[in-house]
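Heads up: take any position in the sequence shown, counting from 1, add 993, and you land on the numbering used here.
Where is the CB? At the ideal position from N, CA and C, for every residue including glycine.
A quick note: this is a predicted structure, and the numbers were derived from the prediction, not measured.
The next block holds one structure in the form of C-alpha cells; read it before the comments.
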Amino acid sequence: MSLSSELTIEEIIEDLEDLDDRERIQQLEEWGRTLPELPEEQRIEANKVHGCQSQVWLVAETSDDANPIVTFLANSDAGIVNAMIYLLRALLSGKPASEILEIDVRGVFEKIGLERQIGVQRKNGLNAMYQRIRSIAAQALKLEHTPQIDRSPKRTLSSSKKKPGMEARRDFPIFNKTLSSGQVLTYLDSGSSAQKPQCVIDKEREVYENFYANAYRGVYEFGALVDEQLELARNKVAELINAESVDEVIFTSGSTMSLNLVAFGWGKRHLKPGDEILLNEMEHHANFVPWQQVALQTGAACRFIPLTEDGRLDLDRLPEVLTENTKILAVTGMSNVLGTINPVKELARKAHDVGAIIVVDGAQSVPHLQTDVIDADIDFLAFSAHKLYGPSGVGILYGKQDLLAETDPILFGGHMIDRVYRDHSTWAATPAKFEAGTGQIAQAIALGTAIDYVAGIGFDALHSHEQELLTYAHQKLTELSGLRIYGPAPEHKGAIVSFTIEDAHPEDLAQLLDRRGVFVRHGHHCTMPLHDLLGVSATVRASFGLYTTRADIDALYGALEFALGRLRLA
994 MSLSSELTIE
1004 EIIEDLEDLD
1014 DRERIQQLEE
1024 WGRTLPELPE
1034 EQRIEANKVH
1044 GCQSQVWLVA
1054 ETSDDANPIV
1064 TFLANSDAGI
1074 VNAMIYLLRA
1084 LLSGKPASEI
1094 LEIDVRGVFE
1104 KIGLERQIGV
1114 QRKNGLNAMY
1124 QRIRSIAAQA
1134 LKLEHTPQID
1144 RSPKRTLSSS
1154 KKKPGMEARR
1164 DFPIFNKTLS
1174 SGQVLTYLDS
1184 GSSAQKPQCV
1194 IDKEREVYEN
1204 FYANAYRGVY
1214 EFGALVDEQL
1224 ELARNKVAEL
1234 INAESVDEVI
1244 FTSGSTMSLN
1254 LVAFGWGKRH
1264 LKPGDEILLN
1274 EMEHHANFVP
1284 WQQVALQTGA
1294 ACRFIPLTED
1304 GRLDLDRLPE
1314 VLTENTKILA
1324 VTGMSNVLGT
1334 INPVKELARK
1344 AHDVGAIIVV
1354 DGAQSVPHLQ
1364 TDVIDADIDF
1374 LAFSAHKLYG
1384 PSGVGILYGK
1394 QDLLAETDPI
1404 LFGGHMIDRV
1414 YRDHSTWAAT
1424 PAKFEAGTGQ
1434 IAQAIALGTA
1444 IDYVAGIGFD
1454 ALHSHEQELL
1464 TYAHQKLTEL
1474 SGLRIYGPAP
1484 EHKGAIVSFT
1494 IEDAHPEDLA
1504 QLLDRRGVFV
1514 RHGHHCTMPL
1524 HDLLGVSATV
1534 RASFGLYTTR
1544 ADIDALYGAL
1554 EFALGRLRLA
C-alpha cells in the first residue's frame, strides 16, 4: 500500500490550481488510472463500500502503535471514482488515526473546486469511503463511536435591511393588482399561506427556465447545479434555525409530513404501553392526530396541558401531567388560532428533566420569531415554506442527529437506500434516508431565496412591526359592539387575531368581508378540540405578514362595519 509514487496533497493542489473545471477532472482521472490494482481475491462483498452507484472495494491496514497508522487502498470500476480515491489516498492514507479524524477533507475538496463530489447526497461512493476510513481510524483508536464530522452551516444569509410594511410590500407583485371587483386587495390570511416576493417567484422560474434536472442523480451540468443549489438552500435553513449540522435538515412536503415522520418514525419505534404523549388543546390537527394515531397503535396514552382562561399553557399545572411516564411533549411554537407564543425553551428543559423529547410545530412561529434550536434545546422542529414567503409543497423537519439516527423512515424507494438485497434493505445516511423519491426541487431551492429575503428584514424588525399591528388591531376591533377576540394580550401572542361577533356567523362575516376585498379565514382552522374548549364552532381569523400595514387593519374594521350593517347588527 505504498504511496511513494503518488503525489502529496500539496502537490495535487498546486498542479490543479490553474486548471478549469474540465481540465481539472481530466487530470484527476489520469492520476486515478495510476492507482495500484486491488488483487481479485480482495474484490469481495466484505470489502465493498455501499452507498454508491459504481462498485468500490476498500481494504485497510493499521499499525500497532499507540497512535496507529492507517493505510488503505481502494479501487472502483468507474474512472471518476478512482480519481476521487487518488485524492483520498493523498489526504488520509499513511496518516495517524487521530490525524485522520481531524483532517478537513471537505475543506480540501472545496479548495480544489470538487465540493460537489463529496456531498452527503451524492451516490459516487466518495462520502461512503470517507466515512468507512474514519470508522477504521476510530476503531484503531478503540473509540466507542466515530466522532461526527463538522457539518455546521456556512454563514450565507443576507444582511441587507429592508423595512417591513409598505417598503417590503412593494416587493410582492400580488399587491400591484386589483381584484375582479376593482377593489384593492387586503390580504389578512398569511397564517394560512403567505404571499411571495418577486425574488422567490423569479428563483423558481430561473430553475425551470435555465437548469432544471432531477436532483442527486446526474453528473451532467444541470444535475450538478441543481444539487449545489439544493444544498445551498439546506444550508440556509440550517443557518436560519441555528442547526448544528446541515445534515439535521430534511426536506419534506410540509409541516404535516414532517410531524407525521416524527410520530411514526420515532414515536412508533420508541413508545410502548404505559408511556405518555403530552399535548394541549391549542394544537393544529397536524400535531394532534398523528400522536393520537401512534398512541392507538403502541398502547401509549395522550395527556393534555391545561390552558388558562386567556389561552396560554397553564404552567402551574404542568407537574400534574408531565411525569416520568412522559416520553414526548408535542407543542406548537405559536398557536394558529389564539396566536399564543409558547415558552418552548422552558418546556424543553422540563421535558428533558423527565427524560422526554420535545417536538415543536413551528409552522406559525418560524415565519414570525427568531428560532434557535440549540439555545432552546429543541429535539424536533417542523415548519413549511409557504408560510415563510416561499413556495408551496415543501417543508422542513429538523432533528438532532442522534435522534434522527433512532428514527425509521416512513417513505421508501429511490435515493433513500444504501443497499437493496432480495430480502432486506439498508438506508442511506441522513438526510437522504428521509428523502425518498424525487423531491420538491425548484420549490426547495426557492425556499432558500425566501429565507434570504426574510433575513434581510430581520426578525427583530419583523416582530416589532407585527406587535404594533397587533396592538392597533386589538384596540380598533374591540370598538365594535359584540366582538370578542380569543387568546392572550398582544405582548403574549404573534401576528394573529381570531374573533367572533355576537349573533354573526363567521362564514357570513367572511363572505361579506370578501365583498369589500378583505381576505380572512373562517372556520375551526384545523383545531376542533380548541374550538370545543372555547365553546364555539368557528372563528374569524385575521393573520398578518411582513407586508401588512395599518391601512389593512383599517380596511378590516371598515369591512366589518359594512358586514354588520348588512346583517343588521349595527
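6 Å Cβ shell around residue i - same chain, five flanking residues per side excluded
i       : result
Ala1443 : Val1193, Leu1381, Tyr1382 and Gly1383
Arg1017 : Leu1009
Gly1014 : It is Asp, not Gly, that sits at residue 1014 in the sequence shown. Nothing meets the Cβ criterion.
Ser1377 : Gly1247, Ser1248, Ala1356 and Gly1388
Gly1406 : Ala1429 and Gly1430
Pro1283 : Leu1252, Asn1253 and Ala1256
Ile1436 : A small correction: the amino acid at residue 1436 is Gln; Ile does not occupy that position in the sequence shown. These residues qualify, in order along the chain: Pro1384, Gly1386 and Val1387.
His1379 : Ser1186 and Ser1385
Glu999  : none
Gln1176 : Gly1510
Close-in-space but distant-in-sequence residues of the same chain around residue i (CB under 8 Å, 5 per side omitted)
i       : result
Gly1158 : His1458, Leu1539, Tyr1540, Thr1541 and Thr1542
Arg1477 : Phe1492, Thr1493, Ile1494 and Glu1495
Tyr1479 : Gly1304, Val1330, Leu1331, Ser1491, Phe1492, Thr1493, Leu1527 and Thr1532
Glu1339 : Leu1308
Gly1551 : Arg1509
His1138 : Ala1131
Asp1368 : Asn1235 and Lys1338
Beta-carbon separation (whole angstroms), residue i vs residue j, contact threshold 8 Å
i       : j       : result
Val1366 : Asn1235 : 6 Å
Gly1570 : Ser1246 : With the chain running from 994 to 1563 in the structure shown, residue 1570 is simply not present.
Gly1025 : Ala1076 : 4 Å
His1524 : His1517 : 5 Å
Leu1094 : Arg1125 : Between Arg1125 and Leu1094 the Cβ distance is about 13 Å, and since that is not below 8 Å, they are no contact.
Gln1123 : Val1098 : Checking the sequence shown, residue 1123 turns out to be Tyr, not Gln. Going by Cβ atoms, the distance from Tyr1123 to Val1098 rounds to 6 Å, so yes, they are a contact pair.
Asn1335 : Leu1306 : 6 Å
Asp1182 : Ser1536 : 6 Å
Exposure label - residue i; buried when at least 16 CB within 10 Å
i       : result
Ser997  : Low per-residue confidence applies at Ser997: pLDDT is 47, beneath 50, and the placement is therefore not dependable, though the value from the model is reported in the following sentence. Exposed, by the Cβ-count rule.
Pro1266 : exposed
Thr1169 : Sequence check: residue 1169 is Asn here, not Thr. Answer is exposed; the Cβ neighbour count stays below 16.
Gln1504 : exposed
Asp1545 : buried
Met994  : Reliability of the predicted coordinates at Met994 is poor, the pLDDT of 49 falling under 50, and the value obtained from them is presented with this limitation in mind. Counting Cβ neighbours within 10 Å, Met994 comes out exposed, since fewer than 16 surround it.
Ile1037 : exposed
Thr964  : In this structure the chain extends from 994 to 1563, so residue 964 is not present and cannot be described.
Glu1232 : buried
Tyr1209 : buried
His1361 : buried
Tyr1180 : buried
Ala1375 : buried
Asp1213 : It should be pointed out that residue 1213 corresponds to Tyr in this sequence rather than to Asp. Classification for Tyr1213: exposed.
Arg1342 : exposed
Glu1004 : exposed
Arg1227 : buried
Arg1198 : exposed
For residue i, the nearest candidate out of the options (CA to CA)
i       : options                               : result
Asp1507 : Ser1174, Thr1139 and Pro1146          : Ser1174
Asn1207 : Lys1155, Ile1037, Ile1438 and Phe1555 : Ile1438
Ile1006 : Thr1464, Thr1027, Ile1062 and Ala1083 : Ala1083
Ser1474 : Leu1404, Asp1370, Gly1558 and Ala1454 : Gly1558
His1408 : Val1049, Tyr1446 and Ala1421          : Ala1421
Arg1296 : Asp1058, Arg1310 and Arg1163          : Arg1310
Lys1196 : Leu1300, Lys1156 and Leu1440          : Leu1440
Ile1434 : Gln1019, Val1200 and Arg1127          : Val1200
Ala1279 : Ser1047, Met1521 and Val1074          : Met1521
Gly1432 : Glu1224, Ala1482, Gln1394 and Gln1468 : Glu1224
Leu1012 : Gly1106, Val1447, Val1359 and Glu1399 : Gly1106
Ala1090 : Thr1064, Phe1102 and Leu1463          : Thr1064
Asp1395 : Gly1326, Leu1549, Trp1259 and Phe1102 : Trp1259
Glu1237 : His1456, Gln1188, Pro1146 and Ile1270 : Pro1146
Tyr1391 : Thr1464, Met1250 and Thr1471          : Met1250
Thr1325 : Glu1302, Gly1487, Leu1463 and Phe1165 : Gly1487
Chain C within 8 Å of residue i, Cβ atoms only
i       : result
Gln1290 : Reference to chain C is not applicable here, since this structure consists of a single protein chain.
Residues near residue i by beta carbon distance below 7 Å, same chain, minus five either side
i       : result
Lys1426 : Pro1402, Met1409 and Trp1420
Asp1547 : none
Lys1393 : Glu1241 and Asp1372
Lys1104 : Ile1006
Leu1028 : Asn1068, Asn1075, Ile1078 and Tyr1079
Inset, instruction - Would you be able to state if there are at least three C-beta pairs under 8 Å between the stretch 1397-1415 and the stretch 1341-1356? - result: The stretch 1341-1356 is not in contact with the stretch 1397-1415.
Inset, instruction - Say whether the stretch 1124-1135 touches the stretch 1039-1058, bearing in mind that this needs 3 or more beta-carbon pairs closer than 8 Å, one atom from each stretch. - result: Judged by Cβ distances under 8 Å, the stretch 1124-1135 makes contact with the stretch 1039-1058, as three or more pairs qualify.
Legend entry - Cβ contact check for the stretch 1309-1326 and the stretch 1255-1274: 3 or more pairs under 8 Å: Yes: at least three Cβ pairs fall under 8 Å.
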